[in-house]
Amino acid sequence: MKKVHIKSFGCQMNVYDGQRMADILSHQGYEETATPEGADLILLNTCHIRDRAVQKVYTELGKLRDIKKAQGAEGQETKIVVAGCVAQAEGGEIQRRQPAVDLVVGPQAYHRLPELLAEAHKRRVVDTDLPVEDKFGFLPAPKRQAILARGVSAFVTVQEGCDKFCAFCVVPYTRGAEFSRPVAQIMIEVERLAEAGVRDVTLIGQNVNAYHGEGPDGAVWSLARLMHRVAEVPGIARIRYTTSHPRDMDDDLIAAHRDLPQVMPFLHLPVQAGSDRILAAMNRKHTGDEYRRLIDRIRSARPDIALSSDFIVGFPGETDADFEDTIRLVDEIGFASSYSFNYSPRPGTPAADLDAQIPRELMNERLYRLQDRIEHHRQAFNRAMVGRTVDVLLERAGRYPGQLAGKSPYLQAVQIESDANQIGDIVRVVIEKTSTNSLFGRLAEPGETDGKGLAA
Ligand code: SAM
Ligand code: SF4
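Here the working numbering is used: the first residue of the sequence shown is 21, the next is one more, and so on.
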């Protein structure tokens, strides 16, 4: 068998695309290998969201060129493929900067990998079309063995692209316009995953709660309606979804957190900033108070929900007062976790041309302060779990022998002592202590609860 090494950078959508490319290539006689050395095909699935992500790709390509050269000297031919959003945005420029690259393929064209690879044996190829055809209709199903190897939690892309055009963001340009997969196609994929033992599915999309796919009845289904259908699949015990936009959190979706036990009490709902002036300049189309009121409604439906967000620090024109609004919002909401980034100007986006770009040093200072507050709230959320009994989905062996690692309903990493092979089981765990990144607990005795009604 030929060997392929796939390295994915960036978001969950890239992880999902990387797995789909592995599925396509397994039907072409390739098996996956964990290292680039020795591989016949090396595929970088890239991210264009921030400049640093792009620079990482070029650094990585330099190393791969050396591997290709060394393997060539030993008589082994190696092909290098760049896929993902850098491929889409940079196209042929990638091969000009790194001539060792054989094929550049965008995120909407990778279903054509077999023909493109055949072509790449004759000449260097670039395919960054955003075709009208639905690539999902052409993707082969993963083999059962591949599903098992990937574990009991899986991503399923239900939506792609974005029509929101936030002023800082490249996604609408690299992933294209919003597209929702038909319900029937998604259900075939979820049922196949469940039959192979998957218990936890995360429905993903750049703007997942804008989902509006064609239902089997011919009507347009919302994400909430889709989740009700997914919840009926035997074996699927947990449903999550990401990433959502505040403008698209409708009443049905909020109600699903109250009504569907399979929908986990965790929501990643990026707000980006706390200042109304900056939110308007970002074209987010909501204010800080609208976000706060939305959170109140979500918490009324599911009081124990863990919330998470993305923040951008140093958007052009951000004053100290604007930044303080972000800190205030973080302290008021008390997120269970969050991602935060320095603003990175992206070529072709409106914000890149704005005056008043913020000096790097000031950005770093603000980011440091913000991350300190985020960490404070994260630790407080985790510490509050000590003494509680939660349901943990056991996903894999832990770091040490006799340990199993899993996830709480709130997406926290949990470690328990157990020699039993319980991977895929959902067990009741009493949380005993926390470390920086994990909770530690023991299996609860039958009937044991903390009496707080928290365990989901
Ligand atoms: N659709 C999601 C939303 O609206 O929140 C986010 C998708 S984006 C792939 C993930 C995160 O990257 C964003 O929420 C934002 O915080 C961050 N991001 C996007 N563009 C950025 C930029 N130019 N500089 C810094 N961070 C950026
Ligand atoms: Fe980017 Fe998200 Fe805004 Fe779409 S909604 S433009 S993906 S940040």
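Where a beta carbon is used, it is the ideal one built from N, C-alpha and C, also for glycine.
By DSSP, does residue 447 sit in helix, in strand, or in coil?
strand
How about residue 290: is its Cβ closer than 6 Å to a heavy atom in ligand 1?
yes
Span of the alpha helix (DSSP H), counted from its first residue to its last, around residue 78
71-93
Can you name the start and end residues of the beta strand (DSSP E) that residue 109 belongs to?
Per DSSP, residue 109 belongs to no beta strand (DSSP E); it is in the alpha helix (DSSP H), 105-110.
Residue 228 beta carbon near ligand 3 (any heavy atom closer than 6 Å)
No copy of ligand 3 occurs in the structure displayed; its ligands are ligand 1 and ligand 2 alone.
Locate the beta strand (DSSP E) running through residue 210, then write down its first and last residues.
Note, residue 210: premise wrong, no beta strand (DSSP E); alpha helix (DSSP H) at 203-215.
Please report the distance separating the alpha-carbon of residue 108 from that of residue 195.
8 Å
Cutoff 6 Å; reference residue 38; Cβ partners in own chain excluding five residues on either side:
26, 28, 65
Would a C-beta distance cut-off of 7 Å place residue 74 and residue 111 closer than the cut-off?
no
With a Cβ-Cβ cutoff of 7 Å, do residue 430 and residue 276 count as a contact?
no
Three-state secondary structure (DSSP) of residue 366:
coil
So does residue 67 have its beta carbon nearer than 6 Å to some heavy atom of ligand 2?
no
Assigned exposure category for residue 316 - 16 Cβ within 10 Å defines buried:
exposed
Please name the residue in 59, 41, 141, 226 whose C-alpha comes closest to that of residue 161.
41
Find out if the Cβ-Cβ distance for the pair residue 398, residue 357 is shorter than 7 Å.
yes
Is residue 363 near ligand 1 - that is, is its Cβ less than 6 Å away from at least one heavy atom of it?
yes
For residue 475, which residues of its own chain have a beta-carbon under 8 Å away from its beta-carbon, when the five flanking residues on both sides are left out?
Interpretation of residue 475 is limited by its pLDDT of 45, a score under 50 that renders its predicted location unreliable; no figure is taken from the coordinates.
Touch check for the segment 261-279 and the segment 296-303: three-plus C-beta pairs under 8 Å?
no
Are the beta-carbon atoms of residue 186 and residue 226 separated by less than 7 Å?
no
Separation of residue 462 from residue 435, as counted between CA atoms
8 Å
Given a cut-off of 7 Å on the beta-carbon distance, is the pair residue 359 and residue 330 in contact?
yes
Which residues DSSP lists as bridging residue 179, in chain order
200
Is residue 265 near ligand 2, in the sense that its beta carbon is under 6 Å from a heavy atom of that ligand?
yes
Measuring CA to CA, which of 76, 129, 81, 60 is closest to residue 95?
60
Cutting at 6 Å between CB atoms, please list the residues of its own chain near residue 121, excluding the five before and the five after it.
100, 102, 114, 115
Measure the C-alpha to C-alpha separation of residue 473 and residue 322 and round it to an integer number of angstroms.
Note that residue 473 has pLDDT 49, beneath the 50 cutoff, so the model's placement of it is unreliable and the number below is only indicative. About 12 Å.
Per-residue DSSP class, three states only, for residue 155:
helix
Would you list, in sequence order, the uninterrupted alpha helix (DSSP H) runs of no fewer than 4 residues that lie entirely inside the segment 214-250?
243-250
If I follow the unbroken beta strand (DSSP E) through residue 65, where does it start and stop?
61-66
When you compare only the Cα positions, how much space is there between residue 271 and residue 242?
11 Å
What I want to know is whether the C-beta of residue 380 ends up closer than 6 Å to one or more non-hydrogen atoms of ligand 1.
no
Name, in chain order, the residues that DSSP records as bridge partners for residue 436.
424, 461
Please determine whether the Cβ atom of residue 184 lies at a distance below 6 Å from any heavy atom of ligand 2.
yes
Residues of its chain near residue 261, where Cβ-Cβ distance is below 6 Å and the 5 sequence neighbours each way are ignored:
223, 228
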